[in-house]
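Numbering (the numbering used here), first residue to last: 16 to 802. Read through the structure below, which is laid out as structure tokens, and then see the notes.
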């Protein structure tokens, strides 16, 4: 009990240093708990939800397949090895008419076969089941975005006719956890797109459909994978105009959710480790100094019969208390902060019962991390007492052996530095480990601050360059069915206000390089296009399209392990056999895994000569163009580039608080590390500084010696922080593997200035604290202390 009181008293006397160490442990465990609990909630809810509502293992799109054929497949599943179940649906995209709304609003209507009891891609409803002929179930986000409620009506254009529908229920589906039209859209926009469910017979009637499906989903038997059944499914569906066949892992909602879970799980485990490691190093330095100061007490305790184990346990108690307090604070903070993460997740991923999960596990692991970090750091610092015998402990430690100085004066050091500066340099070279920890902490803090400071430029490069250098058109009109290239351009050019128009051919294909393959959309654009550029973000130039060659993005090249000059293979439902294509160039871009070809070459290669799937244009009156095109039957969607850009800006602005908070954490980390190190240095050199005071130095002059030492170390840390920032960005870019974009690794000068300012603030605060401590020195008592 006496040793416990002694430990508590020693911690209290140096409470600021221990508080700074506690902060490091608490921050690491807070990040681990907050992100870990929230990500585990996503993971557990996803697995439960997808299993309960039978998320399809394979998704297929065809031009038309009779319902009777799909039912025949379902009734005779035993003939098809690996298949467990199959369902068909008819999907139709209708235009929504909303009063006083100029946007093109699309509702994806999905047919429901009410005779099926256990549907694939089933859905959860909140409201009433279908009762009336005009009832539909709509995604909840759509209602919120348009201020609608159950029982309200909505007007749709179906097959050129306006129809009114009653919203009988809101609906959630595993297919639309992340509600976007396709992989070309990065962010959900509930104001312009939603999904809805409608009775099959009703949708057939409204669209004059004679019982044909265009969408088909499969469940696989346990132990089978997509590759095991791919060829069989292609043989089954090719005769019905197979357009696309994708496994569950590549389905938009599943892919986005899976990427979020994997990347955040990695971050929740790696970032806390760095914080705890820094706390271990600081505890080691602190306990090492404490042992040196308590030599005589240790000798006395050993002389009175205290065992090495008891004495070692006493000093490890310092770390245990630090770890426990840091663990408790980190766990509590992580638990409450996880709620904020869940709120953010609920805005993007729509799943029922998304609540905290894995709380006990993460709280337990957090406490273990804190305890182990504290105990290990204190053990490493205190382990020298095992070799210390009572007789040696009762006298001062022998001076450390040092190399004899040459005696040659360093001309430049003598010329540039005062005696105080020379003392600071000598302190740095003598306490190498302590100096290394300060440099490491400043470097780490500088890297985090620079990353946060470059956040804005990263978004500029990822998003804004897309609309200022690549897609330099005002609008894009996408057709439901491909049309003649010349007719598309002429029709668009005839619209009032349109100043320029170009055809675009977008064809989904699978590109293969050896055993590697990736599904992408090849963009067929006009050579020397004025509206769609193949812009290289690194070279800052527009690349030219080659004849009969494909230009691929760096993200796609990395995925396929391909380079300029390689021969790839293309497969598509438009082709009878795979064809060869040469990589003409690799373009560095941040948005997506994309490929580019000359529109005429692509059309000829795919046997769809003089065809366009979209038309891009510039206009002086976008509102008129959108209103004019609303009535066109073959128009699937109209994109307004400026509206999309504004949506991205608004989305990224919502993360400003989080970025600022992480920047503040980086400053706290820098301050905690520098403050702890300066406190240790101050305690080690207390007698030296007191002597300087006695011989006539003012507090300001003594403080300048310590300050100069830490300015030098901070400067070294900031210089090393520049390459560390690049490594940090590379690590984050490689750990967050999202098909839709690639994190740029360029860091602007302004970000480095921001990082340097944060570190400078931390050093200034630390030096101010050290100055206050020097003022409090009782010089008589300090000089009485043993060295």
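All residues carry an ideal CB built from backbone N, CA and C; glycine is no exception. Note that this is a predicted model, so its numbers are computed, not measured.
Residues near residue i in its chain [Cβ-Cβ closer than 7 Å; skip 5 each side]
{"i": "residue 629", "result": "491, 492, 493, 494, 519 and 521"}
{"i": "residue 12", "result": "An answer regarding residue 12 cannot be provided, because it is not within the stretch 16 to 802 covered by the chain."}
{"i": "residue 717", "result": "704, 707, 708 and 789"}
{"i": "residue 291", "result": "40, 43, 384 and 388"}
{"i": "residue 265", "result": "534"}
{"i": "residue 54", "result": "276, 279, 280 and 283"}
{"i": "residue 486", "result": "547 and 656"}
{"i": "residue 353", "result": "48, 49, 52, 53 and 371"}
{"i": "residue 733", "result": "457, 461, 771 and 774"}
{"i": "residue 454", "result": "728, 731, 732 and 735"}
{"i": "residue 93", "result": "none"}
{"i": "residue 503", "result": "518, 627 and 630"}
{"i": "residue 316", "result": "326"}
{"i": "residue 361", "result": "369"}
Proximal residues to residue i (C-beta, below 6 Å), its chain only, five neighbours per side dropped
{"i": "residue 561", "result": "599"}
{"i": "residue 621", "result": "522 and 589"}
{"i": "residue 687", "result": "35, 38 and 39"}
{"i": "residue 332", "result": "22"}
{"i": "residue 17", "result": "none"}
{"i": "residue 284", "result": "none"}
{"i": "residue 422", "result": "Residue confidence for residue 422 is low, a pLDDT of 43 falling below 50, so the modelled location carries little weight; the figure read from the coordinates is stated next. None."}
{"i": "residue 33", "result": "26 and 337"}
{"i": "residue 420", "result": "With a pLDDT of 49 at residue 420, under the threshold of 50, the modelled position of that residue is not reliable, and no figure is offered here."}
{"i": "residue 594", "result": "585"}
{"i": "residue 151", "result": "180, 211 and 213"}
{"i": "residue 613", "result": "542 and 560"}
Reference residue i; option with closest CA among the options
{"i": "residue 365", "options": "343, 313, 376 and 271", "result": "271"}
{"i": "residue 397", "options": "786, 105 and 298", "result": "298"}
{"i": "residue 636", "options": "51, 32 and 117", "result": "117"}
{"i": "residue 349", "options": "240, 378, 328 and 329", "result": "378"}
{"i": "residue 90", "options": "103, 79 and 322", "result": "103"}
{"i": "residue 651", "options": "462, 172 and 347", "result": "172"}
{"i": "residue 679", "options": "441, 205 and 463", "result": "463"}
{"i": "residue 202", "options": "347, 662, 329 and 264", "result": "662"}
{"i": "residue 469", "options": "446, 544, 763 and 115", "result": "763"}
{"i": "residue 604", "options": "582, 558 and 641", "result": "558"}
{"i": "residue 76", "options": "739, 587 and 691", "result": "587"}
{"i": "residue 82", "options": "191, 126 and 782", "result": "126"}
Start and end residues, alpha helix (DSSP H) containing residue i
{"i": "residue 60", "result": "30-67"}
{"i": "residue 639", "result": "637-644"}
{"i": "residue 615", "result": "614-620"}
{"i": "residue 217", "result": "215-221"}
{"i": "residue 767", "result": "764-790"}
{"i": "residue 93", "result": "Note, residue 93: premise wrong, no alpha helix (DSSP H); not H, not E."}
Start-to-end residues for the beta strand (DSSP E) that takes in residue i
{"i": "residue 8", "result": "Past the boundaries of the shown model lies residue 8; the chain is included only from 16 to 802, so the question cannot be answered."}
{"i": "residue 583", "result": "582-586"}
{"i": "residue 177", "result": "176-187"}
{"i": "residue 98", "result": "98-104"}
{"i": "residue 626", "result": "626-634"}
{"i": "residue 594", "result": "594-602"}
{"i": "residue 121", "result": "120-127"}
Cut-off 8 Å between Cβ atoms - residues of its own chain near residue i, not counting five sequence neighbours on either side
{"i": "residue 571", "result": "526, 533, 535, 577, 608, 609 and 610"}
{"i": "residue 155", "result": "141, 185, 186, 187 and 365"}
{"i": "residue 85", "result": "101, 102, 103, 228 and 231"}
{"i": "residue 499", "result": "625, 626 and 627"}
Where are the alpha helix (DSSP H) runs, 4 residues long or more, that stay fully inside the stretch 235-267, in chain order? 241-252
For the stretch 47-61 against the stretch 207-214, are there 3 or more C-beta pairs whose distance is under 8 Å? no
Should the stretch 159-175 be regarded as contacting the stretch 243-257, the criterion being three or more beta carbon pairs within less than 8 Å? no
Closer than 8 Å is the cut-off here; do at least three beta carbon pairs connect the stretch 339-355 with the stretch 40-50? Yes, they touch.
Mind the definition here: the stretch 309-317 touches the stretch 233-245 only if three or more C-beta pairs lie below 8 Å; say whether that holds. no
Beta strand (DSSP E) runs wholly inside the stretch 498-562, at least 3 long, in chain order: 513-528 and 531-540
Taking contact to mean at least 3 C-beta pairs separated by less than 8 Å, is the stretch 629-645 in contact with the stretch 504-517? yes
Inter-stretch contact (C-beta, 8 Å, three-pair minimum) for the stretch 61-75 and the stretch 133-143: yes
Any chance the stretch 178-186 sits against the stretch 139-147, with 3 or more Cβ pairs inside 8 Å? yes
Cβ contact check for the stretch 108-115 and the stretch 251-265: 3 or more pairs under 8 Å: no
Just to confirm the assignment: which complete beta strand (DSSP E) runs, minimum length 3, are found wholly within the stretch 131-160? 139-142 and 150-154
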